[in-house]
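Beneath this line is the structure, given in structure tokens, with notes to follow.
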Amino acid sequence: METTRVAKEHEVTSGAVPAVEAMSWKLAGGVIELALHRAPCNELGSVSLAELEKFATFLQRHQHEAHALIIHSGMPAGFCAGADLRELYERSQSMEKIAALRGVRDFLERIHRVLNLIDAAPLTTIAAVHGVTFGGGFELALACDLIIADKMARFCFPELRLGLIPGFGGIPRLKRDLGNAVVRDLLLTGRSVNVTKAQQVGLVSQVVGEGEALPAARATAAQLGKFDRATAVAAKRFIKPIPHDELRHEIDTFCELFARPAVQAGLRKFVESTDAQPYLP
5 METTRVAKEH EVTSGAVPAV EAMSWKLAGG VIELALHRAP CNELGSVSLA ELEKFATFLQ
65 RHQHEAHALI IHSGMPAGFC AGADLRELYE RSQSMEKIAA LRGVRDFLER IHRVLNLIDA
125 APLTTIAAVH GVTFGGGFEL ALACDLIIAD KMARFCFPEL RLGLIPGFGG IPRLKRDLGN
185 AVVRDLLLTG RSVNVTKAQQ VGLVSQVVGE GEALPAARAT AAQLGKFDRA TAVAAKRFIK
245 PIPHDELRHE IDTFCELFAR PAVQAGLRKF VESTDAQPYL P
């Protein structure tokens with residue numbers, strides 16, 4: 005088992021992509037790239053979380069060898085549709101209520117640990133997004149320092165229609181980065197916003213043509229490599245504190261809401277939907 009992990013890490017550091025189920029990563033030229041490639045739209049469930057935790061271990065080992073991290077998607081539908089709601093519903097139905105709530109809290113605490121690590125990593129992190137960037141996918145992008153979006157990207161917190169709030173750290177990070185008016189609009193209405201609006205409110209740092217987010221992110225990462233890394237790290241720590249207390253409060257609130265019958269009804273409606281992409285507004 006140890007030999008496999010060492011061999012896989014050697015493949016990664018030498019530029020090859022490890023064979024994994026939900027995502028892959030590589031380090032080359034001082035830039036780490038994390039590619040999401042779980043069909044249909046990178047839903048974040050137990051498989052994805054396990055792979056994110058493996059990536060987090062890799063990032064901790066190699067973050068001082070890199071000056072930038074790029075997270076992007078290989079799925080045509082978009083960056084990430086958010087949590088795997090089908091898995092969440094099925095697990096909640098297959099065990100007693102207390103056990104289900106314990107499982108939800110454990111999942112949230114694990115994914116918070118990974119996103120906090122990405123948020124605080126001593127390098128510049130870039131989310132290169134396109135298409136659907138909803139729920140947990142939006143929260144993954146918010147953990148990054150910069151969001152570069154192609155013109156077809158859309159951002160949304162659809163959790164409200166399920167009777168929930170975002171649970172992967174989205175509210176505290178959005179409050180940290182943007183004004184309360186924007187936070188309330190996204191959170192309370194469940195509406196999606198396009199890249200024009202996202203750039204106007206300061207959510208997106210750069211808008212590019214369709215399919216150009218990853219090349220633009222790579223060009224930005226190359227530019228970052230020209231500057232003193234220690235200065236960049238110090239600046240990031242100064243302007244981007246991790247809101248730990250609010251993140252813990254978010255987990256508590258999510259778990260309280262998850263126990264309500266209305267949430268189970270909302271999840272059941274989602275699972276039984278015949279729409280091709282029921283997460284779209």
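In the working numbering, the protein residues as written are 5 to 285. Don't be surprised by glycine CBs; every beta carbon is placed ideally from N, CA and C.
The secondary-structure analysis by DSSP pairs R42 with nothing; it has no beta-bridge partner.
Residue burial is scored here from C-beta neighbours: I243 has fewer than 16 other C-beta atoms within 10 angstroms and is therefore classed as exposed.
As DSSP reads the structure, C84 sits in a beta bridge with T137. In this structure, DSSP gives D123 a helical state, which the three-state scheme calls helix. Secondary structure at H71: coil, using DSSP grouped into helix, strand and coil. Just so you know, the alpha carbons of R42 and A26 end up roughly 5 angstroms apart. Here the alpha carbon of T257 sits roughly 16 angstroms from the alpha carbon of P162. According to the DSSP assignment, D154 belongs to the beta strand (DSSP E) that extends over L150 to D154. The C-beta of I36 has 16 or more other C-beta atoms within 10 Å across all chains shown, which makes the residue buried. It is roughly 24 angstroms from the alpha-carbon of R180 to the alpha-carbon of L48. Its chain contains G34, L127, L228, G229 and R233 as the residues whose beta carbon lies nearer than 6 angstroms to that of H71, once the 5 sequence neighbours on both sides are disregarded; these appear in chain order. Beta-bridge pairing by DSSP links R158 to V136 and N198. The three-state reading of DSSP puts A103 in helix, counting H, G and I together. Apart from sequence neighbours up to five positions away, the residues of its chain that approach S77 with a beta-carbon distance below 6 angstroms are L40, N46 and F83, ordered along the chain.
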